[in-house]
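Step one of this worksheet: look at the structure below.
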């Protein structure tokens, strides 16, 4: 087992990474103070890992409830969130009740937001069961739900007590979701660490085969990088923006197609292709690096052609993104592997990128 | 104008108290950084003070939107909160948009919670228009909404940029709501400052007549006391519990009758009578002090007889209150004027208090 510590002062917490961690009572014990635990999971994950988690928690002698939500981004809304509140209140859960998120990013985001809001804040633990959530939503404290007019528009910054990232559970992950997770791993290498990027290129076959050691290394390095960025900018006032490389275009793809049509990681994969194209077009990035990035995205079995929403629609969607300020779109562009810049871009360059990418 | 500073490190903010402050552009200017402002108010307050506030903001040259919510505790729920999100998203409000709460406690709590959650946090300013919200919800950062199974069960700790407490606007406040605000003023004196309690006794007629100087003094001293308690315990882990004197019984009254039947301050007024009775019954408090407390509550035109919900129902309601832990009810009792203790109490003593109070 490897542990990455996210350094956030009194909100610091560990991310434990390894195989079969979900069975280890001792990993949960130090983080559960109250008398009750509520596991929040979904209809896909509960049959796979719900029993294992409940068995691991049983020796702690706590009252354990489980809330099983419908699975999918389409359910990341108030109605589903309210199912968690209903369950907590019906069980008379108090302020020391610990919530455990067992599932992917949607489960983690909703459980974290429920923990942030229930009685104005109760502790929670993340047990991410997708590669994407292990590398992405387990670091950063971003929680929330979607609104019909925008993704993640309602939420909170709220840190877990601990993250238990069991790469063993990824063996049941559909191939498409594995690839979506690899997209965020590629992103992390591209923006912050050229050596890690090269490691990803060299180990893509192992990652695609779901080899535990390769996955653990990818999760560890991704979490380390993201943790260092987040520690420097917990509330996303500046530096942290670089983590959104590929996300400006990616969010527009997701919103334009309707949430759930493409996986978040697929949209980010394609979004990186667009951001790299714009980077080259504006003279920041070498064409050779762009090509390496596109090749590794292809190798990860991710889409590299953007859906044909129309250029005007893309720009409209990006203007309402919550990273935009007063309608100005901020792009995270690449200068070289490991180095980014955040900037606005001329409309005609953005349109050219969109036209070239379809 | 008097200013009370709430010392919370980087979340510190001023409370400005005085007459006709709502017209003073200069009080708002330092706290509004972005290009847009969204005023959240209700159908009662908007016709009275909406125009005055918009005129005060006009010289700032910002885009100003107004969301007018239905008035009343019964609307302190997700559906109404979502009207704020709908308005913000429809106006394409960005992360630097400032929300201004113009109204009483319900408006302030919902606007603060909307500000806490919209894009994971935007700035907000409180312009409380009831005495209760000027002395109570303007200090402490508590925001939130009710759930059918409990009051304020969903919320966040989130501090405003500033509070503008204009005691001039209280002249349009219904008498019943003025009294409800005085209840919290009495509470503050009782738990923390015997001299202030004596000042309240001596000035009750002036407060009942809505005299601006008396109101300003009452708001100032209440905010000072509450601010010092909150500064020592922002997240309500200990000391801050004393602010809930009268609230354990009070919340049960509100929940038992259905939110809105009694005003919050009325329930707290009666709740203090019950808490004082229990304090005497358990040997902590002199009967003479209990009598002074009851007399000042009567002088404030507040109810001192509890609604007959039945003792079992009261206890059930108090057990599900969010101050309870694992079903144990924590009572804030009085030892003398200015001194409290937090404790559990034997069921039979609680039942005797309830039986005596109806």
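Residue numbers (the numbering used here), protein chains in the order written: chain A, 1259 to 1616; chain B, 1259 to 1616. Glycine residues also receive a C-beta, built at the ideal position from the N, C-alpha and C atoms.
- Excluding its 5 nearest sequence neighbours in each direction, residue 1588 of chain B has C-beta neighbours in its own chain below 8 Å: 1499, 1506, 1581, 1582, 1600, 1601, 1602, listed in chain order.
- Assigned with DSSP and collapsed to three states, residue 1416 of chain A falls in coil, not helix or strand.
- Residue 1318 of chain A is classed as exposed because its beta carbon has fewer than 16 other beta carbons within 10 Å across all chains shown.
- Below 8 Å, too few C-beta pairs join the region 1339 to 1359 of chain A and the region 1382 to 1398 of chain B to call them touching: fewer than three.
- Taking 8 Å as the cut-off, the beta carbon of residue 1562 of chain A is found no closer than this to the beta carbon of residue 1554 of chain A.
- In the three-state DSSP reduction, residue 1573 of chain B falls in the helix class (H, G or I).
- Here the alpha carbons of residue 1372 of chain B and residue 1446 of chain B stand approximately 28 Å from one another.
- Contact check for residue 1579 of chain A and residue 1424 of chain A: beta-carbon distance about 33 Å, past the 8 Å limit, so the pair fails to qualify.
- Here the C-alpha atom of residue 1332 of chain A lies approximately 48 Å from the C-alpha atom of residue 1433 of chain B.
- Listed in chain order, the non-local C-beta contacts of residue 1572 of chain A below 6 Å within the same chain comprise 1510, 1612, local neighbours out to five positions each way being set aside.
- If you check each beta-carbon in the region 1500 to 1520 of chain B against every beta-carbon of chain A, none falls closer than 9 Å.
- According to the DSSP assignment, residue 1488 of chain A belongs to the alpha helix (DSSP H) that extends over 1470 to 1490.
- In this structure, the straight-line span from the alpha carbon of residue 1264 of chain A to that of residue 1289 of chain A is close to 15 Å.
- In this structure residue 1345 of chain B touches residue 1323 of chain B by the C-beta definition: roughly 6 Å separates them, less than 8 Å.
- For the region 1377 to 1399 of chain A, the set of residues with a beta-carbon nearer than 8 Å to any beta-carbon of chain B comprises 1377, 1378, 1379, in chain order.
- Close to chain A, meaning a Cβ-Cβ distance shorter than 7 Å, is no residue of the region 1309 to 1335 of chain B at all.
- In this chain, the alpha helix (DSSP H) harbouring residue 1313 of chain B covers 1309 to 1315.
- When Cβ-Cβ separations below 8 Å define contact, residue 1571 of chain B makes no contact with chain A.
- Secondary structure remark: continuous alpha helix (DSSP H) runs of at least 4 residues inside the region 1508 to 1548 of chain A, in chain order: 1522 to 1539.
- Here the alpha carbons of residue 1597 of chain B and residue 1335 of chain A stand approximately 46 Å from one another.
- Annotation for residue 1296 of chain A: the continuous beta strand (DSSP E) segment containing it runs 1294 to 1300.
- If you draw a straight line from the Cα of residue 1575 of chain B to the Cα of residue 1350 of chain A, it is about 11 Å long.
- Nearest in C-alpha terms to residue 1374 of chain B, of all of A:1313, A:1513, A:1401, is A:1401.
- For the region 1351 to 1371 of chain A, the beta-carbon criterion of a distance under 9 Å to any beta-carbon of chain B is satisfied by 1352, 1353, 1354, 1371.
- Taking the CA atoms as reference points, residue 1418 of chain A sits about 47 Å from residue 1457 of chain B.
- Within the region 1586 to 1601 of chain A, contact with chain B at the beta-carbon level (separation under 7 Å) is assigned to no residue.
- Where residue 1369 of chain B is concerned, the enclosing alpha helix (DSSP H) starts and stops at 1363 to 1375.
- Bounds of the alpha helix (DSSP H) holding residue 1453 of chain B are 1452 to 1466.
- Within the region 1410 to 1433 of chain B, contact with chain A at the beta-carbon level (separation under 7 Å) is assigned to 1411, 1412, 1413, 1414, 1415.
- Within chain A, 1347 have C-beta atoms less than 8 Å from the C-beta of residue 1408 of chain B, given in sequence order.
- Nearest to residue 1408 of chain A by alpha-carbon distance, out of A:1490, A:1513, A:1444, is A:1513.
- CA-to-CA, the gap between residue 1565 of chain A and residue 1520 of chain A works out to about 10 Å.
- Out of A:1465, A:1416, A:1559, the CA that lies nearest to the CA of residue 1493 of chain A is found in A:1416.
- Looking at B:1366, B:1377, B:1533, the one whose alpha-carbon comes closest to that of residue 1347 of chain B is B:1377.
- The Cβ atoms of residue 1397 of chain A and residue 1273 of chain A sit closer than 8 Å to each other.
- In terms of Cβ geometry, residue 1486 of chain B and residue 1442 of chain B do not form a close pair [threshold 8 Å].
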